[in-house]
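S.K.:
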């Protein structure tokens with residue numbers, strides 16, 4: 020049985036790819052039946068597109084893989100708390116569960132409202148939070 | 020000088036294309052310097068992707084056309100009030116102005132929080148509201 024830490028490590032691998040590409044280092048995977056059906060990271064710089072967050076990439080990709088646009092039996096693992104845009108997308112997708120690592124005190128959806136997610140979505144916060152947060156801090160300290 | 024109604028009619032043309040394709044009929048254009056730089060409509064069914072709202076399409080497309088990912092000198096015209104996901108995207112894009120037609124009493128961003136948009140974004144609501152709303156009503160009455 021693979022656990023939340025296992026899948027968050029996969030999301031962290033994606034975040035490291037973002038870091039290496041000078042993207043804000045956020046990574047995500049979507050899991051269905053203990054299987055990763057989509058994995059990606061933030062691509063806003065490469066795609067020149069503010070909507071190209073890790074979560075948006077994997078929601079689109081998972082729907083492609085699974086053949087339906089709703090992700091009702093899926094779990095998203097993402098290294099940083101989703102922003103309101105991504106929470107809104109996850110709501111439309113009716114995802115079952117969201118597991119995130121580091122909280123985002125400035126841009127996290129929960130700063131605005133927990134109603135941004137679907138009422139049935141179960142949220143688990145803080146999995147490998149320090150590792151996820153440290154990568155973000157390193158990135159932003161390097162920018163300055 | 021082209022006015023808000025002119026550009027909303029262009030967005031309505033897009034909404035009609037969505038209607039004809041059995042998509043929820045929402046259309047959008049983005050305007051910079053009185054010129055339409057992107058136009059699209061809801062493509063969630065065709066793309067099997069909950070993120071493929073009209074607004075998301077045009078934010079991505081306008082950034083491609085203009086060469087920068089921020090839309091600070093642009094106006095979005097959209098036939099229906101944006102949802103929280105789209106408002107979040109518009110916030111990241113720092114769009115100057117949002118003009119919408121019909122309010123969305125169930126899914127509109129303003130039901131959750133006006134802080135979903137960027138604080139500098141100017142909002143104009145209700146342009147050709149009846150026409151925009153009537154197309155939505157016709158679509159949903161046909162679904163039942």
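Residue numbers (the working numbering), protein chains in the order written: chain A, 20 to 163; chain B, 20 to 163. Just so you know, even glycine gets a beta-carbon here, dropped at the ideal spot from N, CA and C.
Take every Cβ of the stretch 54-69 of chain A, pair it with every Cβ of the stretch 122-136 of chain A, and state whether three or more of those distances are shorter than 8 Å.
M.R.: The stretch 54-69 of chain A, when compared against the stretch 122-136 of chain A, does not touch it at the 8 Å Cβ threshold.
S.K.: Would you report the Cα separation of residue 44 of chain B and residue 66 of chain A, rounded to the nearest angstrom?
M.R.: One C-alpha to the other measures close to 27 Å.
S.K.: For residue 144 of chain B, collect the residues of the same chain with a Cβ closer than 6 Å to its Cβ; drop the 5 residues on either side in sequence, then sort them by chain order.
M.R.: So the list reads 119, once near-sequence residues are dropped.
S.K.: Along the chain, where does the alpha helix (DSSP H) that runs through residue 107 of chain B open and close?
M.R.: Note, residue 107 of chain B: alpha helix (DSSP H), 103-112.
S.K.: Give every residue of the same chain whose Cβ lies closer than 8 Å to the Cβ of residue 102 of chain A, excluding the five residues on either side of it in the sequence, and list them in chain order.
M.R.: Excluding residues within five positions, the ones whose Cβ falls inside 8 Å are 72, 123, 126, 127, 128.
S.K.: Between which two residues does the beta strand (DSSP E) carrying residue 116 of chain A extend?
M.R.: From DSSP, the beta strand (DSSP E) with residue 116 of chain A extends over 116-121.
S.K.: Got a sec? Which residues, its chain only, sit under 8 Å from residue 26 of chain A by beta carbon, not counting five neighbours each side?
M.R.: So the qualifying residues of the chain are 48, 50, 55, 94, 96, 118.
S.K.: Using the Cα positions of residue 68 of chain B and residue 22 of chain B, report the straight-line distance between them to the nearest angstrom.
M.R.: Distance between the alpha carbons of residue 68 of chain B and residue 22 of chain B is about 33 Å.
S.K.: Among B/85, B/38, B/79, which one has its Cα closest to the Cα of residue 153 of chain B?
M.R.: For the residues B/85, B/38, B/79, the minimum Cα distance to residue 153 of chain B belongs to B/38.
S.K.: For a test of the three-state rule: what should DSSP assign to residue 59 of chain B, helix, strand or coil?
M.R.: Residue 59 of chain B falls in the strand class under three-state DSSP.
S.K.: Can you tell me where the alpha helix (DSSP H) holding residue 31 of chain B begins and where it ends?
M.R.: From DSSP, the alpha helix (DSSP H) with residue 31 of chain B extends over 23-39.
S.K.: Between which two residues does the beta strand (DSSP E) carrying residue 96 of chain A extend?
M.R.: Residues 93-99.
S.K.: Only counting the same chain, and skipping five residues up and downstream in sequence, which positions put a Cβ closer than 8 Å to that of residue 42 of chain A?
M.R.: These residues qualify, in order along the chain: 60, 61, 62, 63, 64, 65.
S.K.: Using DSSP with H/G/I as helix, E/B as strand and the rest coil, what is residue 142 of chain B?
M.R.: Strand at residue 142 of chain B.
S.K.: Since residue 102 of chain A meets chain B, which of its residues come closer than 7 Å, beta carbon to beta carbon?
M.R.: By Cβ distance, chain B contributes 107.
S.K.: Going by the beta-carbon positions, is the gap between residue 140 of chain B and residue 160 of chain B smaller than 8 Å?
M.R.: The answer is no: Cβ separation not under 8 Å.
S.K.: Under a Cβ-count criterion, where at least 16 other Cβ atoms within 10 Å of its own Cβ denotes burial, should residue 84 of chain B be classed as buried or exposed?
M.R.: Residue 84 of chain B is exposed by the Cβ-count criterion.
S.K.: What separation, rounded to the nearest whole angstrom, lies between the Cα atoms of residue 130 of chain B and residue 99 of chain B?
M.R.: Those two C-alpha atoms are separated by around 14 Å.
S.K.: Note down, in chain order, every chain B residue with its Cβ under 8 Å from the Cβ of residue 69 of chain A.
M.R.: Near residue 69 of chain A (Cβ distances below 8 Å), the residues of chain B are 78, 82, 88, 89, 108, 111, 112.
S.K.: Between the stretch 131-145 of chain B and chain A, which residues of the former have a C-beta closer than 7 Å to a C-beta of the latter?
M.R.: Against chain A - using a Cβ distance shorter than 7 Å - the residues of the stretch 131-145 of chain B are 131, 132, 134, 135.
S.K.: Can you tell me the Cα-Cα spacing of residue 181 of chain B and residue 70 of chain B, whole angstroms?
M.R.: Nothing in the structure corresponds to residue 181 of chain B, since chain B is present only between 20 and 163.
S.K.: Indicate the three-state DSSP secondary structure (helix, strand or coil) for residue 45 of chain A in the structure shown.
M.R.: In this structure, residue 45 of chain A counts as coil in the three-state DSSP scheme.
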